[in-house]
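All letters in the sequence shown, in the order written, are residues 526 to 1148 by our numbering.
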Amino acid sequence: MESPTSNAERTRSPWAWVPSLYFAQGIPNIVVTGVSVVMLKRLGLENAQIAFYSSILGLPWVLKPLWSPIVQRFGTRRAWTVAMQLLVAIGLGGAAATLPLESWVTYLMAMLAFVALASATHDVAADGLYLLALSSHEQAWFVGIRSTAFRLAVITGSGVLVMLAGSLESSTGLPTVPIHASAVDKAASAILFAPIADRLQASGQAGIVVLNDRVELSLGNQKLEDVEALAMQVRRWNVEHGFYNASLEDKKKAADAPPPTGFVAGLEAWIKERFGPPKPDPNALARAGDAAPVLMKLANPVPPGEELVVQFGLSKGDPGFKVIEGERFVITAKNCDEPFAAVIQVEDKLDQPSEAEFEIRSGNITLAWMTALGIAAAVFGGLCLYHYVVLPRPAGDVPVIGGEDNAAIGFLEPFISFFRKPRILALLAFLLLYRLPEAQLMKLASPFLIDSREKGGLALTTGELGFVYGTVGIAMLTLGGIVGGMAAAKGGLKRWLWPMALAIHLPNIAILLLALIQPDNHWVITAAIGIEQFGYGFGFTAYMLYCIYIARGEHQTVHYALCTGFMALGMLIPGMWSGWLQGLIGYQNFFIWVMLCTIPSFASVAFIPLDGDFGKKKREEAA
């Protein structure tokens, strides 16, 4: 039980704790739902796994209204807030500790779920403390401050933390090795794979040695069976020598297994047939573009217990060049004396001389992300100690104890009254569908920016992603939110509802254009991401204001928690299937699908009730 305090302590300046409290609210949220997407991609998981796991981890924010009355009835909001911050710090540290383990995926998901549960509970307690400690005037004044602090946490997580991990990846790795590939007008020669380590001996050289850093391919076609045989030889060599991790090996084995049957398999086949990437001409199945192996070897040994992740992919040039085998290798003390290989190919439709450049990148990705998560845990531990000292103790922050006979009724009444609201179906449709396109886009945006160009991505490094999406993108998101808030305060939500609905969805065209064009210029990519994020920040203002509109009246705190819970549900369900769908139809068609999903989103806006003056500044001042 907390000791009595003076009135001066209870009325501590909100500037001392409101910004830091909502900064603390944003860090675990972005780490679990955003940074984890980048981390899992860099650690070798597939897009479908990433989208599914990161969506499931958002479930506590969906379900938090269910236990919000517990936070209100037992203990103080201040005590819950500090306790949950301590648990988040422990969870982040535990997540870092799982990465070197053999079954790291299972343990990591468990620790991130623990962080998500503690963070969702922290949100309930922190919002309750905010409402109890501040007057209605102060609540209105600091709503913009708390929003800015939350977005600053998003920048710190998805920008600074990702850039830190990217920097650590580079500093723990070896110098980048360029491989120049060209397609010339000459007769195709026989393609051979001879992985002899002696051919790659490095006398006093450090780094990664390659047999030939200039690969010349023919514009003439090879026999398809010869190209497939080469890819199979390289795959078997890499798997037998442990250069592919277990998940990739399982994937390759599954590729040789009998095709699956059943409803899901039939649905996947139908989607691929109707909407998947175009298939080769059946009359040209016996022909394929020229291909060649790229043989690589580590010049220096890897210390026992450590590993080096090497990635090979197209960095710039003609996208008609691609990697058909060998994109990610794990080098350990057991296999560092052996060469590893990739296969590059030029498309058979290319009929003019062309060039491209591939890159060999390396780094201790596990160590990089362990360090990043460890730093996040330490920072959060510091925030916990700070808030233990500075958080106010408002007089109203006491447990709500009711009679046993009324306990069940008191617990259920806020939920019952919410679903009795007029036109509740229209309200629920808006809460679930307004962000339907963005729910899918945000799960695949980072993988799209990281994936190799031959897979339809833009091949950014982790550090480049942190700058483009996590720093510039979040800065534009924040600016869009500020502009949206100013507009709604001046003209009211009803006046700006449709402009904001258009703003949140139409800029997604910029991402579609990136997928269609695949530009090399990083400033073009940055500009497209900035436009999309500004539109999202501007349009999201309408969503948050309408949640406040729905929650007005009795039980405002629980009703607002229900609104945000449905908001999280509307992000979780589409996010779960997004990676699976993208894997079937490719990035280009997936982003076209995202644009089609704006139709139900716009329809949900058309049917919601809204007072004409809601959100105007003069109405807030009158209150």
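All C-beta atoms, glycine included, are put in the ideal place defined by N, C-alpha and C.
Identify every residue that forms a DSSP beta bridge with residue i.
i, result
"Thr857", "Glu832"
"Ile733", "Leu823"
"Ser887", "Val835"
"Pro742", "In the sequence on display, residue 742 carries Leu and not Pro. Per DSSP, Ala708."
"Val702", "Ile885"
"Gly842", "Ala881"
"Ala1035", "Answer is none; Ala1035 lacks a bridge partner."
Per DSSP, what kind of secondary structure is residue i in: helix, strand or coil?
i, result
"Val914", "helix"
"Val923", "coil"
"Ile575", "helix"
"Glu872", "coil"
"Ala1131", "helix"
"Ala866", "strand"
"Pro539", "helix"
"Ala713", "coil"
"Ala816", "strand"
"Leu773", "Any reading at Leu773 needs caution, since the residue's pLDDT is 46, under 50, leaving its predicted position unreliable; the model's value is listed next. Three-state result, Leu773: helix."
"Thr558", "helix"
"Pro939", "helix"
"Lys1019", "helix"
"Glu534", "Note that Glu534 scores a pLDDT of 45, beneath 50, so its modelled location is shaky; the value from the coordinates is reported in the next line. Three-state DSSP puts Glu534 in a helix."
"Gly928", "Residue placement at Gly928 is flagged as unreliable, the pLDDT there being 47, under the threshold of 50; a coordinate-derived value is accordingly withheld."
"Phe944", "coil"
"Gly982", "coil"
"Ala665", "Model confidence at Ala665 stands at a pLDDT of 48, short of 50, so the residue's coordinates are unreliable; what they give is reported in the following sentence. Of the three classes helix, strand and coil, the one that applies to Ala665 here is helix, per DSSP."
"Pro529", "Because the pLDDT of Pro529 is 40, which lies under 50, any placement of that residue in the model is unreliable, and the number read from its coordinates should be weighed accordingly. In this structure, Pro529 counts as coil in the three-state DSSP scheme."
"Pro1125", "helix"
"Phe1116", "helix"
Let's see if you can read the secondary structure: which residues bound the beta strand (DSSP E) around residue i?
i, result
"Lys847", "Phe846 to Glu850"
What span of residues does the alpha helix (DSSP H) with residue i cover, start to end?
i, result
"Pro720", "Here Pro720 belongs to no alpha helix (DSSP H), and DSSP marks it neither H nor E."
"Ile615", "Arg602 to Thr623"
"Thr631", "Trp629 to Ala658"
"Arg567", "Ser561 to Arg567"
"Tyr1061", "His1047 to Ile1075"
"Pro553", "Val543 to Ile555"
"Asp751", "Leu749 to Glu765"
"Val687", "Val687 to Ser696"
"Thr1003", "Gly998 to Gly1016"
"Pro590", "Leu584 to Arg598"
"Ser971", "Leu961 to Ile975"
"Leu956", "Ile949 to Leu958"
Taking buried to mean at least 16 other C-beta atoms within 10 Å of its own C-beta, is residue i buried or exposed?
i, result
"Pro818", "buried"
"Thr623", "buried"
"Thr996", "buried"
"Leu792", "exposed"
"Arg739", "exposed"
"Pro826", "exposed"
"Ile949", "exposed"
"Phe1132", "exposed"
"Phe1115", "buried"
"Lys968", "buried"
"His1030", "buried"
"Thr631", "exposed"
"Met564", "buried"
"Met1011", "exposed"
"Ala754", "exposed"
"Val855", "buried"
"Gly830", "exposed"
"Glu750", "exposed"
"Leu910", "exposed"
"Glu1057", "buried"
"Pro1032", "buried"
"Asp976", "buried"
"Gly921", "exposed"
"Val923", "exposed"
"Asp1136", "exposed"
"Glu989", "buried"
"Trp795", "exposed"
Regarding residue i and the ligand SAM, is the C-beta to nearest heavy atom distance less than 7 Å?
i, result
"Val904", "This structure does not include the ligand SAM; it has no bound ligands of any sort."
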